[in-house]
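> Going line by line, the protein sequences match chains S and F.
So for the first sequence, the working numbering puts the first residue at 78; every next one is plus one.
So for the second sequence, the working numbering puts the first residue at -18; every next one is plus one.
Using N, Cα and C, we set each Cβ at its ideal position, and we do this for glycine too.
A quick note: this is a predicted structure, and the numbers were derived from the prediction, not measured.
Take this structure, written in structure tokens, and hold onto it; I'll ask about it next.
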Amino acid sequence: MNIIEIKDLVKIYDSTEIEVTAVNHINLNFEKGEFSAVVGPSGSGKTTFLNLLGGLDRPTAGHIMIDGIDLWSLKSRQITDFRLHNIGFVFQSYNLLPVLTAKENVEFIMHLQGWPKAEREKRARELLKAVGLGDRINSRPNKLSGGQQQRVAVARALASKPKFILADEPTANLDSHSTENLLDIMEKLNREEGITFIFSTHDARVVKKAHRVITLEDGKVLSDEKK
Amino acid sequence: MLIQVSWRNIWRSRTRSLVVLTAITLGIMAGVFSTAFMKGMMDKRVETAIHTELSHIQIHDSLFRKTAELRYYMPGADVLARKIDTLPHVEGVTQRIIVQSMISSAETGAGVKIMGIRPDDEKKVTDIAQQMVEGKYFEGIKRNPVVIGQKLAHKLNVRVRSKVVITLQDMDNNLTAGAFRVAGIYKTSNTAYDESNVFVRYEDLARLTDLPAGACHEIAIRVDNDLNTVSVQQRIKKTTGSLEVMSWKEISPELSYITVVMDQYMYIFILIILLALLFGIINTMLMVILERHKEIGMLLAIGMSRTRIFLMIIIETVLLSLTGGITGIILGTLISKYFEYHYINLSMFGKGLEQLGFSSLVNTSIDPEMVVSVTIMVIFTGIIAAIYPALKAIKYDPAEALRIE
Chain S
78 MNIIEIKDLV KIYDSTEIEV TAVNHINLNF EKGEFSAVVG PSGSGKTTFL NLLGGLDRPT
138 AGHIMIDGID LWSLKSRQIT DFRLHNIGFV FQSYNLLPVL TAKENVEFIM HLQGWPKAER
198 EKRARELLKA VGLGDRINSR PNKLSGGQQQ RVAVARALAS KPKFILADEP TANLDSHSTE
258 NLLDIMEKLN REEGITFIFS THDARVVKKA HRVITLEDGK VLSDEKK
Chain F
-18 MLIQVSWRNI WRSRTRSLVV LTAITLGIMA GVFSTAFMKG MMDKRVETAI HTELSHIQIH
42 DSLFRKTAEL RYYMPGADVL ARKIDTLPHV EGVTQRIIVQ SMISSAETGA GVKIMGIRPD
102 DEKKVTDIAQ QMVEGKYFEG IKRNPVVIGQ KLAHKLNVRV RSKVVITLQD MDNNLTAGAF
162 RVAGIYKTSN TAYDESNVFV RYEDLARLTD LPAGACHEIA IRVDNDLNTV SVQQRIKKTT
222 GSLEVMSWKE ISPELSYITV VMDQYMYIFI LIILLALLFG IINTMLMVIL ERHKEIGMLL
282 AIGMSRTRIF LMIIIETVLL SLTGGITGII LGTLISKYFE YHYINLSMFG KGLEQLGFSS
342 LVNTSIDPEM VVSVTIMVIF TGIIAAIYPA LKAIKYDPAE ALRIE
């Protein structure tokens, strides 16, 4: 069953001097429970594609249907709310709130969703335990390694119970050990709990683990391979 | 949780926040102290005016205040005075004969207001008796004693026991004069008053002016608390017919306005302080949101609404302003409280102040209403200061913000 249907997606950055087509007529579908990697060289349109998919950037043309809802037919406020309840984000540079502990960072998104305090605390603990940080729940990001911060970011992305998680080069700033560790956790979550992950990456280790690899070049889909 | 995040955000850049907090604290502290200082000064002026010069209520013939002529006296005033003395909240009643006249020493003369009083009654109404700097209040001189102000004594170059001559017109408009001897010299905080008010005994002045027995020009009444002035005034009015019964606020309206006007000036003063702080806070918050561009982009990306981000910036700014503001208010209040019981000595400006009727020894006076108002003003300053940076923050584009390295 498709949870994401992308139809003829186009994104053109129109500066005064040069017009750049970052995403060029992409048609793709994603099924629930996929563990997919979007790969390609720098400037191939991976991040733009993920931003369009995550409702962060408005496409020039085309449609993104998520569970039957045309994402970009929603108003700006509705899109923000849609992101909150349906899409999880993991960023390259972790982007945790430095003033909050690991547990509070995970709780924060549930607070935005209006969860009661006791429930969100319980879930935050469970999620941090699931990503192997059960003993670091009260540490602030500056006391955690890059790998640990990214695992908190994964727990945060999962906390809101999203339909899928978008991870933009999640291992770009990690060493090989942390990368391996993070990938194992994400793969386990995908396998055991059916969480849908879509990565952008040019890390061979991530590509190796992915069940589907979509290669972009100049904003176009060059190949779409399922393993 | 939003408040928790906002509060912790303040302390992310500790030095910067402390600089802003110190500026707010010092500004508000100075504002609170200045207000308490000015209020203390004004209160003292009003208190002095009531207890030394005016009393709470005065009764006159309706034409006397306009003309100050001897013939507009109140016959049988002693009966009325005794009656008023029995009213509740009345602490003292005194009768005064008032004549504009000339006082001369061997060297020079001056135009003054002579008040014929009964010293024991006057003591219950005004505190001139406690302000003697030389001699005693109607003691030590048996015949025709006079009590004059220090400034007048210097002007006439007289001392205690010196002889002075008071020249005036009697009831038949004949020029008459009486020789008096200085029994005491007083000094109030109002040199203009000291220069122009002279006290003699009621009987001596009545004899000199041929005023009928029991008559006087002014009945001055002191009440136990200024809050009771109006009610006592109303009761007196019911029994005095055509006589003019006036409270100190009616006799000297400028004195009652001075407090109100000064309050307004102080609010303007605090507003100016807050306005200066406002720009400092705006500048700080603009730096804050610029530094957190990427973080705000992340919050927008994960689904935090723009309204919540706006609110977060507002809360952070209000907390910052309020922390500095409350500290400033507490420090300002503590300093003001200390000076409520310890004089601030302004004797280096004493001459100028006393010419205006102000004491050179000032106690501060904290107005709780003002403390509340300043707190509210600080909160509003925080909100106003936050609006522009918060509006800027919610305009951030999440995709663009996340691209920042």
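#1: Counting pairs of beta carbons, one from the segment 294 to 311 of chain F and one from the segment 22 to 42 of chain F, are three or more of them closer than 8 Å?
#2: Just curious, the beta strand (DSSP E) that Gly130/F is in, first and last residue?
#3: Taking all protein chains shown into account, decide if Ala257/F is buried (16 or more other Cβ within 10 angstroms of its Cβ) or exposed.
#4: Assuming Ala380/F contacts Leu133/S (C-beta within less than 8 Å), just tell me the rounded distance between them.
#5: Under the rule that 16 or more other beta-carbon atoms within 10 Å means buried, what is Gly92/F, buried or exposed?
#6: So, are the CB atoms of Leu130/S and Leu243/S less than 8 Å apart?
#7: Kindly indicate if chain S contains any beta-carbon less than 8 Å away from that of Val(-14)/F.
#8: Which residue marks the beginning of the beta strand (DSSP E) containing Val90/S, and which one marks its end?
#9: By DSSP, does Phe168/S sit in helix, in strand, or in coil?
#10: If we count the other Cβ atoms within 10 Å of its Cβ and call it buried at 16 or more, is Ala114/S buried or exposed?
#11: From the DSSP output, in three-state form, read off Glu111/S for me.
#12: At 7 Å on the CB atoms, spell out the chain F contacts of Val176/S, in chain order.
#13: Between Leu205/S and chain F, is the shortest Cβ-Cβ distance under 8 Å, so that the two count as touching?
#14: Output the distance between the C-alpha atoms of Glu276/F and Leu174/S, rounded to the nearest integer angstrom.
#15: Expressed to the nearest angstrom, what Euclidean distance is found between the alpha-carbon atoms of His274/F and Leu280/F?
#16: Considering Tyr167/F, what are the terminal residues of the alpha helix (DSSP H) in which it resides?
#17: Can you find the residues in the same chain that come closer than 6 Å, C-beta to C-beta, to Ile41/F, ignoring five residues on each side of it along the sequence?
#18: Taking Cβ positions only, does Phe168/S come closer than 8 Å to chain F?
#19: Considering only the beta carbon of each residue, do Gly130/F and Ala164/F sit closer than 8 Å?
#20: Taking Asp158/S as the query, report the chain F residues whose CB atoms sit under 8 Å from its CB, ordered along the chain.
#21: What is the C-beta distance between Pro370/F and Ile263/F, in whole angstroms, given that I count them as a contact (C-beta under 8 Å)?
#22: In three-state DSSP terms, what is Met285/F?
#23: Determine the chain S residues that contact Glu297/F at a beta-carbon separation under 7 Å, and present them in chain order.
#24: Short of 7 Å Cβ to Cβ, which residues in the segment 185 to 206 of chain S face chain F?
#25: I believe Ala230/S touches Leu205/S by the beta-carbon criterion, under 8 Å. Please report the beta-carbon distance rounded to the nearest angstrom.
#26: If Gln398/F sits next to Ala160/F, beta carbons under 8 Å apart, how far is it from one beta carbon to the other, in whole angstroms?
#27: From Glu231/F, Glu28/F, Phe320/F and His323/F, pick the residue whose C-alpha is nearest to that of Phe339/F; which is it?
#28: So who's on the other strand from Glu294/S, going by DSSP bridges?
#29: Note down the Cα distance separating Ile214/S from Ala195/S, rounded to an integer number of angstroms.
#30: Among Thr248/S, Leu210/S and Ile272/S, which one has its Cα closest to the Cα of Glu111/S?
#31: Can you tell me whether Asn258/S is helix, strand or coil according to DSSP?
#32: Kindly examine the ligand PLP and report whether one of its heavy atoms sits closer than 7 Å to the Cβ of Val145/F.
#33: Run the CB neighbour count on Val241/F, radius 10 Å, all protein chains shown included, and call it buried at 16 or more, exposed below.
#34: So Leu281/F contacts chain B; which residues on that side make the cut at Cβ distance below 9 Å?
#35: Using 8 Å as the cut-off, can you tell me whether the segment 9 to 27 of chain F makes contact with the segment 175 to 187 of chain F, which would need three or more C-beta pairs spanning the two stretches below that distance?
#36: Within a Cβ cutoff of 8 Å, which residues of the same chain sit near Ile89/S, ignoring the five residues on either side of it in sequence?
So, from the data block:
#1: These segments do not touch.
#2: Pro126 to Gly130
#3: exposed
#4: 4 Å
#5: Classification for Gly92/F: exposed.
#6: yes
#7: yes
#8: The question names Val, yet the displayed sequence has Tyr at residue 90/S. Unbroken beta strand (DSSP E) run through Tyr90/S: Asn79 to Asp91.
#9: coil
#10: buried
#11: coil
#12: Val(-14), Arg(-11), Asn(-10) and Arg(-7)
#13: no
#14: Taking the CA atoms as reference points, Glu276/F sits about 7 Å from Leu174/S.
#15: 10 Å
#16: No alpha helix (DSSP H) contains Tyr167/F, which is instead part of the beta strand (DSSP E) from Leu156 to Tyr167.
#17: It is His, not Ile, that sits at residue 41/F in the sequence shown. Only Glu199 and Glu225 meet the Cβ criterion.
#18: Interface residue, yes.
#19: Taking the C-beta atoms as reference points, Ala164/F is found no nearer than 8 Å to Gly130/F.
#20: Within 8 Å of the CB of Asp158/S, the CB atoms of chain F belong to Gly284 and Ser286, in sequence order along the chain.
#21: 7 Å
#22: In this structure, DSSP gives Met285/F a state outside helix and strand, which the three-state scheme calls coil.
#23: Ordered by position in chain S, no residue passes the 7 Å Cβ test against Glu297/F, which lies about 11 Å from the chain.
#24: Of all residues in the segment 185 to 206 of chain S, Phe185, Ile186, His188 and Leu189 have a Cβ within less than 7 Å of some Cβ in chain F.
#25: Not quite, the Cβ-Cβ distance comes to about 11 Å (not below 8 Å), so this is no contact.
#26: Here chain F covers residues -18 to 386 and nothing more, so residue 398/F does not appear.
#27: Glu28/F
#28: For Glu294/S, the pairing in a beta bridge is given by DSSP as Lys297/S.
#29: 15 Å
#30: Ile272/S
#31: helix
#32: The ligand PLP is absent from the structure shown, which contains no ligands of any kind.
#33: That one is exposed.
#34: The structure shown contains no chain B; the protein chains it does contain are S and F.
#35: As far as the Cβ criterion goes, the segment 9 to 27 of chain F does not touch the segment 175 to 187 of chain F, which means the pair count is below three.
#36: Glu96, Val97, Thr98, Ala99 and Thr137
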